[in-house]
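See structure below.
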Amino acid sequence: MAQKVLVVRNDKIGDFMLAWPALACLKSASPTPHITVLVPAYTAPLANACPWVDEVITDPGSHADKHAQKALLKRVKSAQFDALLTLFSTPRIGWLGWRAGIPLRVAPATKWAQLFYNVRIRQRRSQSAKPEYQYNVDLACELLAKLSLKLTARPEPPFWPLPRTQMQGQTPTEDMTAEVSIVVHPGSGGSAVNLSIDQYAGLIAQIDQQVKEVPPINWLISAGPGEEAPAQALIDRLASAGVTARHLPESSNVAEFAHRLAEADMLIAGSTGPLHIAGCLDIATAGFYPAKRSATPLRWQTCNSAEKRLAFSPPATAGQQDMSAIDIDAAAQQISAFMRG
Numbered sequence: 117m118a119q120k121v122l123v124v125r126n127d128k129i130g131d132f133m134l135a136w137p138a139l140a141c142l143k144s145a146s147p148t149p150h151i152t153v154l155v156p157a158y159t160a161p162l163a164n165a166c167p168w169v170d171e172v173i174t175d176p177g178s179h180a181d182k183h184a185q186k187a188l189l190k191r192v193k194s195a196q197f198d199a200l201l202t203l204f205s206t207p208r209i210g211w212l213g214w215r216a217g218i219p220l221r222v223a224p225a226t227k228w229a230q231l232f233y234n235v236r237i238r239q240r241r242s243q244s245a246k247p248e249y250q251y252n253v254d255l256a257c258e259l260l261a262k263l264s265l266k267l268t269a270r271p272e273p274p275f276w277p278l279p280r281t282q283m284q285g286q287t288p289t290e291d292m293t294a295e296v297s298i299v300v301h302p303g304s305g306g307s308a309v310n311l312s313i314d315q316y317a318g319l320i321a322q323i324d325q326q327v328k329e330v331p332p333i334n335w336l337i338s339a340g341p342g343e344e345a346p347a348q349a350l351i352d353r354l355a356s357a358g359v360t361a362r363h364l365p366e367s368s369n370v371a372e373f374a375h376r377l378a379e380a381d382m383l384i385a386g387s388t389g390p391l392h393i394a395g396c397l398d399i400a401t402a403g404f405y406p407a408k409r410s411a412t413p414l415r416w417q418t419c420n421s422a423e424k425r426l427a428f429s430p431p432a433t434a435g436q437q438d439m440s441a442i443d444i445d446a447a448a449q450q451i452s453a454f455m456r457g
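The sequence shown begins at 117 in our numbering and counts up one residue at a time.
Shown next, in the form of structure tokens:
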């Protein structure tokens, strides 16, 4: 019988997407374990779509009432997991694993939550010495070793292998059939700083002029919940500069958004969820990062192929959150050169 593993990454979308390389490692081991993930409701559609996940448990969150917390404990306990892998540890989840009687409990050795785990791995993530997804892979490999499971080769991108020409039951839109489609996501979801609308407009206008493809670049502007106004502001700003851009068609959930994104040639965005979805899809990315040490381009590197990755951040002399210091002209030149091949 396959060993049963519960993996927890129950915070933001981008964080969960950076867990996919670790999930791929676990699911590629021999004998193959049964993988369940514990995620919040808003990332559950992505978890259900993940090819490396067998089962999804929805986490009611730390603010849920006692009834919901007891129901979660009952669900986890009844599953009789062989191991728990917590990629981002909190006392509530550590306490949950301990009370559920999971015999092997692995987590980073951070904060006092580590007391609930019997395998603690020191990583010092705040030093940003390697990508976040690599820290997750390291934890997964440690778990495999403890379970005596073998991984002959680490999986490579794409970690979400969706065909470009197949949207899994969806009909491709006319907007996505141009020779070159670039999606721009100007929102941040409140999790990261991003370029201003004026910066994005200047960037797009320069790329549009420098690439000069026939047919022209198909510019699509995406928006998360509550981000429709800045997306429309960018479209209007581009129109005044003579550049045509359209809204990326609305999606009912983040998994559907990913299927639409899989049709694009590149995503340009800040260091937020859509950027890391694009990374898992292995489409080209141009990411804009702050100068903050814990949010560097290396730490929050997308997990697509290295040759498909561009990253930009302010110079070291700028303020940690000062995105205005990013050289938009230089970024436009690099992205244009990339698009020209």
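Ideal placement from N, C-alpha and C gives every residue a C-beta, glycine not left out.
Open item on the list: On the CB-based measure, 16 or more other CB atoms within 10 Å of its CB, does R238 come out buried or exposed?
Closed with: Here the question's residue 238 lines up with position 122 in the sequence shown. It is exposed - the Cβ of R238 has fewer than 16 other Cβ atoms within 10 Å.
- [ ] Just tell me which of S244, F275, P390 and A225 has its CA closest to the CA of L255.
- [x] On the sequence shown, residue 255 is found 139 positions in, with the first residue counted as 1. The residue with the shortest Cα to Cα distance from L255 is A225.
Open item on the list: Using a Cβ distance threshold of 8 angstroms, determine whether the segment 318-327 contacts the segment 446-453, with at least three qualifying pairs required.
Closed with: yes
Task: Spatially closest choice to V172 from I151, L189 and K190, by CA coordinates - done: Residue 172 sits at position 56 when you count from the first residue of the sequence shown. Checked all of I151, L189 and K190; the closest Cα to V172 is I151.
Open item on the list: Suppose contacts are defined by Cβ-Cβ distances below 8 angstroms. Is L364 in contact with V299 by that definition?
Closed with: In the sequence shown, counting from the first residue as 1, residue 364 sits at position 248. In the sequence shown, counting from the first residue as 1, residue 299 sits at position 183. Going by C-beta atoms, L364 is nearer than 8 angstroms to V299.
Open item on the list: Using a Cβ distance threshold of 8 angstroms, determine whether the segment 403-417 contacts the segment 369-387, with at least three qualifying pairs required.
Closed with: yes
TODO: Only counting runs of 4 or more residues, tell me where the alpha helix (DSSP H) segments fall wholly within the segment 156-221, in order along the chain.
DONE: 160-165, 182-195 and 207-215
Open item on the list: From the DSSP secondary-structure annotation, give me the bridge partner or partners of R425.
Closed with: Position 309 of the sequence shown, counted from the first residue, corresponds to residue 425. Paired residue(s): T401.
TODO: Under 8 angstroms by Cβ, that's how I've got P271 and A140 pegged, so tell me the actual separation to the nearest angstrom.
DONE: On the sequence shown, position 155 is the one that residue 271 refers to. On the sequence shown, position 24 is the one that residue 140 refers to. So it is a contact: roughly 4 angstroms between Cβ atoms.
Task: Spatial distance of S297 from Q437 (CA atoms) - done: Residue mapping note: residue 297 aligns to position 181 of the sequence shown, counting from 1. Residue mapping note: residue 437 aligns to position 321 of the sequence shown, counting from 1. About 30 angstroms.
Open item on the list: Checking the sheet assignment: what are the DSSP bridge partners for P224?
Closed with: On the sequence shown, position 108 is the one that residue 224 refers to. I237.
- [ ] Given a cut-off of 8 angstroms, decide if I351 and L377 are closer than it, judged by their beta-carbon atoms.
- [x] On the sequence shown, residue 377 is found 261 positions in, with the first residue counted as 1. On the sequence shown, residue 351 is found 235 positions in, with the first residue counted as 1. No. Outside cutoff.
TODO: Could you work out which residue in A448, K424, E423 and K408 is closest to A432 when comparing CA atoms only?
DONE: Within the sequence shown, numbered from 1, the residue matching residue 432 stands at position 316. Cα-wise, what sits closest to A432 is K408.
Task: Q417, buried or exposed, once every other Cβ within 10 Å from all chains shown has been counted against 16 - done: Here residue 417 refers to the residue found at position 301 of the sequence shown. Under this definition Q417 is a buried residue.
Task: Chain-order list of residues whose beta-carbon lies under 7 angstroms from that of E343 (same chain, five-residue window excluded) - done: Reading the sequence shown from its first residue, position 227 is the one you call residue 343. Only G303 meet the Cβ criterion.
Open item on the list: If you follow the alpha helix (DSSP H) that N420 is in, where does it begin and where does it stop?
Closed with: For the purposes of this step, residue 420 is identified with residue 304 of the sequence shown, where counting begins at 1. No alpha helix (DSSP H) contains N420, which DSSP labels as neither H nor E.
Task: Beta-bridge pairing of I451 - partner residues as DSSP gives them - done: Taking the first residue of the sequence shown as position 1, residue 451 is located at position 335. Note: I451 sits in no beta bridge, so no partner.
- [ ] Quick one: grab the DSSP three-state call for G285.
- [x] As a working note, residue 285 is residue 169 in the sequence shown. Note that G285 scores a pLDDT of 42, beneath 50, so its modelled location is shaky; the value from the coordinates is reported in the next line. DSSP places G285 in coil when its eight states are reduced to three.
Open item on the list: Is the separation between the beta-carbon of T174 and that of V124 shorter than 8 angstroms?
Closed with: Start at 1 with the first residue of the sequence shown, and residue 174 comes out as number 58. Start at 1 with the first residue of the sequence shown, and residue 124 comes out as number 8. No. Outside cutoff.
Task: At least 3 beta-carbon pairs within less than 8 angstroms: the segment 238-252 vs the segment 131-145 - done: yes
Open item on the list: Measuring only the C-alpha atoms, how far is A157 from V370?
Closed with: In the sequence shown, the residue the question calls residue 157 occupies position 41. In the sequence shown, the residue the question calls residue 370 occupies position 254. C-alpha separation (whole angstroms): 11 angstroms.
Task: Inter-residue CB distance, P149 and A118 (contact presumed, cutoff 8 angstroms) - done: In the sequence shown, the residue the question calls residue 149 occupies position 33. In the sequence shown, the residue the question calls residue 118 occupies position 2. So it is a contact: roughly 6 angstroms between Cβ atoms.
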